[in-house]
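Undergrad:
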Amino acid sequence: MLLGVNIDHIAVLREARKVADPDPLDALSICKRAGADQITIHLREDRRHMQDMDAKHIIALSSLPVNLECAISAEMIDIACDFRPHRVTLVPEKREEVTTEGGLAVIGEQPKLKEAIQRLQNEEIEVSLFIDPSLEAVKASVDLGVEWIEFHTGKYANIYAMLYTNLPKTHHSIKALDFPRKVLQQMLKDELSNLRLLATEAKKLNLRVAAGHGLNMQNVKEIANIKSIEELNIGQSIIARSVYTGLEQAIVDMKELLRG
Ligand code: PXP
Numbered sequence: 021m022l023l024g025v026n027i028d029h030i031a032v033l034r035e036a037r038k039v040a041d042p043d044p045l046d047a048l049s050i051c052k053r054a055g056a057d058q059i060t061i062h063l064r065e066d067r068r069h070m071q072d073m074d075a076k077h078i079i080a081l082s083s084l085p086v087n088l089e090c091a092i093s094a095e096m097i098d099i100a101c102d103f104r105p106h107r108v109t110l111v112p113e114k115r116e117e118v119t120t121e122g123g124l125a126v127i128g129e130q131p132k133l134k135e136a137i138q139r140l141q142n143e144e145i146e147v148s149l150f151i152d153p154s155l156e157a158v159k160a161s162v163d164l165g166v167e168w169i170e171f172h173t174g175k176y177a178n179i180y181a182m183l184y185t186n187l188p189k190t191h192h193s194i195k196a197l198d199f200p201r202k203v204l205q206q207m208l209k210d211e212l213s214n215l216r217l218l219a220t221e222a223k224k225l226n227l228r229v230a231a232g233h234g235l236n237m238q239n240v241k242e243i244a245n246i247k248s249i250e251e252l253n254i255g256q257s258i259i260a261r262s263v264y265t266g267l268e269q270a271i272v273d274m275k276e277l278l279r280g
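FYI, the working numbering numbers position 130 of the sequence shown as 150, with every residue one higher than the one before it.
1. Could you tell me which residues DSSP pairs with GLY24 in its beta bridges?
2. Could you say which of ARG37, LYS38, ALA36 and ILE59 lies nearest to ASP46 if we only look at CA atoms?
3. How far does the beta strand (DSSP E) with LEU155 in it extend, from its first residue to its last?
4. Could you give the residue range of the alpha helix (DSSP H) that holds GLU135?
5. So, is THR265 buried or exposed, given that buried needs 16 or more other C-beta atoms within 10 angstroms?
6. Go ahead and label THR185 buried or exposed: buried means 16 or more other beta carbons lie within 10 angstroms of its beta carbon, across all protein chains shown.
7. Taking all protein chains shown into account, decide if LEU48 is buried (16 or more other Cβ within 10 angstroms of its Cβ) or exposed.
8. Could you check if PHE171 belongs to the surroundings of the ligand PXP, using beta carbon to heavy atom distance under 7 Å?
9. Would you call the stretch 137-146 and the stretch 200-220 touching, i.e. three or more CB-CB distances under 8 Å?
10. Can ALA36 and MET70 be called in contact, C-beta distance under 8 Å?
11. How many angstroms separate the CA atom of VAL108 from the CA atom of LYS209?
12. Return the CA-CA distance between ALA100 and ILE78, expressed in angstroms with no decimal places.
13. In this structure, does DSSP put ARG228 in helix, strand or coil?
14. Drop a sphere of 10 angstroms on the beta-carbon of SER93, count the other beta-carbons inside from all chains shown, and report buried for 16 or more, exposed for fewer.
15. Would GLU113 be called buried (16 or more neighbouring beta carbons within 10 Å of its own) or exposed?
16. Are at least three pairs of beta-carbons, each pair with one atom in the stretch 50-69 and one in the stretch 128-136, less than 8 Å apart?
17. Let's test the definition: count the other Cβ atoms within 10 Å of the Cβ of SER257 and tell me whether it reaches 16, buried, or not, exposed.
18. Indicate, with yes or no, if the ligand FMN has a heavy atom lying under 7 Å from the CB of MET237.
19. For LYS175, does the count of other Cβ atoms within 10 angstroms reach 16, so buried, or fall short, so exposed?
20. Taking the alpha-carbon positions, what's the LEU278 to LYS241 distance?
21. Note down the Cα distance separating ASN214 from VAL39, rounded to an integer number of angstroms.
22. How about SER65: is its Cβ closer than 7 Å to a heavy atom in the ligand PXP?
23. Compute every distance between the C-beta of SER257 and the non-hydrogen atoms of the ligand PXP, then say whether any falls below 7 Å.
24. On the CB-based measure, 16 or more other CB atoms within 10 Å of its CB, does ASP41 come out buried or exposed?
25. To which residues of the same chain is ILE254 closer than 8 Å at the C-beta, ignoring the five residues directly before and after it?
26. Pick from ASP28, PRO44 and GLY55: whose alpha carbon is nearest that of ALA270?
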């Protein structure tokens, strides 16, 4: 299982004080040494963490492939075509959200997506679509001719958190999931089998399959065991752990879990 380490949260810390440190660029050699397979960054339209210069330098200097997440706006596609990362993952973006809350509305956005995908592929950039795990979204992704899809695992992670962690019921990530334990256990099972089924289906349709969002040391195992998923992109939980363990150890520990 490949691991893309999302290093946005290093920039979150820097932007909290608008100073120079910590610089996400310094994470590149550590990620490489720790066994990461890819660097993932999200250049948000509001530039709340990564800045254009971060993206430019990371893409230019990383010896690992860089996966640039961005919205489908003309501005972002221009930047991506200019910086030329290994891969672009197109994600939905809302200004008011804390993080990417769901997958792309692939069905309603085909013309816009088609144009963006074509521009990126003309620059020989691999394209991935961040989608909710639904058959319609998988089929629409095939029709759009992308190389990759990435399943949003937020729902799985939220159900898992409700069942197995002590987060208060008012926590933003679990507010919609106040169900009895038995119901949550069934929901978790259903979500996992849905992801398994769709990953298999997507692979049969020649898509490469990644997954991510809300994955951590507790909940990652079940997702990592899904054979048709090739890669996980993990950010928040790795950077959060690195405060205590150091970044290198946090990546080594996650990579170890993914090896099974
Ligand atoms: N994959 C995509 C497409 C994302 O947008 C994000 C969040 O930026 C992640 C993976 C990583 O999510 P998390 O930070 O919850 O691990």
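Built from N, CA and C at the ideal position, the CB exists for glycine as well. Please read all numbers here as calculations on a predicted model, not as lab measurements.
TA: Quick answer:
1. GLN58 and ASN253
2. ILE59
3. Per DSSP, LEU155 belongs to no beta strand (DSSP E); it is in the alpha helix (DSSP H), 155-164.
4. 130-142
5. exposed
6. exposed
7. buried
8. no
9. no
10. no
11. 31 Å
12. 13 Å
13. strand
14. exposed
15. buried
16. no
17. buried
18. The ligand FMN is not part of the structure shown, which contains the ligand PXP as its ligands.
19. buried
20. 7 Å
21. 44 Å
22. Looking at the sequence itself, residue 65 is Glu, so the reference to Ser does not match. Not so, every heavy atom of the ligand PXP lies at least 7 Å from the Cβ.
23. yes
24. exposed
25. LEU23, GLY24, VAL25, ASN26, GLY232, LEU235, ASN236, VAL240 and MET274
26. GLY55
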